[in-house]
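One structure below.
Chains as they are written, first to last, in the numbering used here: chain C, 13 to 358; chain B, 299 to 563.
In structure tokens, the structure reads:
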């Protein structure tokens, strides 16, 4: 009797669609994720070793879990990954202004700016468009505590993580103790963010004579134009010199963003914003600190300091800029680098 | 499986074990001799000599009445100088003084070489390097220092004074001063070189810690070199680092801390 019951039940299980296991991104333990300096890159500004934040697979795994953890927001809906999406080089896909947790009326709040992409962060001397974050380790405190972004507090986040058996386990694996501290959670996040590298675009392969990659004529003309007109600010190999500049963008009166002057209080910093990297630019629209431009054409039309380009020149320059897309961000969604994807499979 | 009990063997084994365990009695580990002592700094928050009490009326030099409802500041980089001009610098010297927590107004500095000390230098605020370093612990833990971290920029609030004044230009008569900013023309750290006016703090090994009392006069915040008019915008509410107002107020608190007395034991 029991044997037939068993077969019957098994049959139910096998045939029932609700019992099907969802395909899940199963990330390998990231033993191959490590601190590195890509060929041709200068020394990074942030050193994991010198910061007493040596990279280990468990700490990286914790950082990755935290990056995608909505508990870091006051209403448990927003994670770093909500606005920093892997498929668009960790920028905010399709959003001009990034939005965060809901206000009392239940409406998502808008920030004043467009979430920038995240890669090669170890080379940045400062973070945010106005440079108000001076160390990668403590940068996450800003979005976590910003009432229009995640609306939480550091003690609040720590309490939530401490109450979670999953996180106590992950902290124990990472540091040998299950006590959650701000230093540990911030260092873990830094390991995740700081190990997103972008140095394998078509242009990089061409530059390094790899895989017989060549640039076509339009791309090569575009590269010439780039070196003549753009390289002084968007310098290789990082494609930025990180300097703060006012490029003459008209002030949006609805946002009234003073740029760096907000932070330094210096009049000469009015309307200056950090020069972004052009790597992965094909993925990170819309463009500028407030996402006002949807296309690269609009950016080129703007760039007041540069001589006017002909339509053909603009086409060539854009072909070149399209070669700056890293292999990892050019992949289809289901082939994204699993080591940096959402461990919850979103 | 059979086993024959051999008491003889057991006895020998015990002897060997005991012999092996018997240590040279002269070599028992003794604790290393103590060669240092302790000093205590007491930060005596006051208003022109009157002990500071929250929600109590005081008058500043301009003649405005004010009450204090919150008062916190970072003290760092403490260095003591001996009578022979040698110094002792406290390592990892970062302390958050909160008037609401009396125990935090006592700073105990240990491992001080014995001798007589004639002055102390310290910083109100955090030095610029540490102010922009990575995630910290202790007094600099962003979670534990609570509201002494900007949280919309990195870096610490060096000085926080909140209160009320009927003359305040704020609609609710609040006074709100959050000052910080570690670099640039408006940086808000101030260093104090405080001589003990001829008195000496005597540190002995295993002796009771002398108490050096330092006066922290809140009323200095409102004067010298700048006479504060709390009715004016910018002078009753200051909550950003790196503004010209920060320098204005930091220049005022640059003479806020002075020597009061020493108690040796």
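Heads up, the beta-carbon is just placed ideally off N, CA and C, and yes, glycines get one too. In this text the structure is predicted, and so the values were computed from the model without any measurement.
State the DSSP-derived secondary structure class of residue i, mapped to helix, strand or coil.
i              : result
residue 330(C) : helix
residue 349(B) : strand
residue 450(B) : coil
residue 107(C) : coil
residue 551(B) : helix
residue 301(C) : coil
residue 212(C) : coil
residue 323(C) : helix
residue 201(C) : helix
residue 387(B) : strand
residue 558(B) : strand
residue 419(B) : strand
residue 343(C) : coil
residue 363(B) : strand
residue 256(C) : strand
residue 53(C)  : coil
residue 67(C)  : coil
residue 490(B) : strand
Beta-carbon of residue i versus every beta-carbon of chain B: anything under 9 Å?
i              : result
residue 274(C) : yes
residue 144(C) : yes
residue 278(C) : yes
residue 128(C) : no
residue 65(C)  : yes
residue 104(C) : no
residue 81(C)  : no
residue 133(C) : no
If you drop the 5 nearest sequence neighbours on each side, which residues of the same chain put their C-beta closer than 7 Å to that of residue i?
i              : result
residue 150(C) : 198
residue 354(B) : 365
residue 493(B) : 416, 417 and 557
residue 303(C) : 107, 108, 109 and 126
Using only the alpha-carbon positions, how far apart do residue i and residue j sit?
i              : j              : result
residue 145(C) : residue 230(C) : 39 Å
residue 555(B) : residue 339(B) : 12 Å
residue 310(C) : residue 163(C) : 34 Å
residue 528(B) : residue 546(B) : 13 Å
residue 286(C) : residue 523(B) : 37 Å
residue 194(C) : residue 69(C)  : 19 Å
residue 222(C) : residue 340(C) : 16 Å
residue 343(C) : residue 56(C)  : 27 Å
residue 475(B) : residue 210(C) : 43 Å
Taking Cβ positions only, does residue i come closer than 9 Å to chain C?
i              : result
residue 544(B) : yes
residue 514(B) : no
residue 455(B) : no
residue 540(B) : yes
residue 464(B) : no
residue 483(B) : yes
residue 478(B) : no
residue 322(B) : For residue 322(B), the pLDDT reaches just 49, beneath the cut-off of 50, and the residue's location in the model is therefore unreliable, although a value from the coordinates is still provided. No, residue 322(B) does not count as interfacial toward chain C.
residue 431(B) : yes
According to DSSP, residue i sits in a beta bridge with which residue or residues?
i              : result
residue 156(C) : Paired residues: none, contrary to the question.
residue 414(B) : 500(B)
residue 459(B) : 369(B) and 475(B)
residue 407(B) : 337(B)
residue 297(B) : With chain B represented from 299 up to 563, any question about residue 297(B) goes unanswered, as that position is not in the structure.
residue 286(C) : 256(C)
residue 97(C)  : 103(C)
In chain order, what residues of the same chain lie with their CB nearer than 8 Å to the CB of residue i, ignoring the 5 residues before and after it?
i              : result
residue 133(C) : 58, 139, 148, 205, 206 and 208
residue 541(B) : 479 and 484
residue 290(C) : 242, 246, 251, 252, 333 and 336
residue 264(C) : 302 and 304
Considering only residues of the same chain and omitting the five flanking positions on each side of residue i, which have a CB-CB separation below 6 Å?
i              : result
residue 53(C)  : 249
residue 415(B) : 378, 380 and 499
residue 457(B) : 371 and 477
residue 438(B) : 392
residue 269(C) : 124
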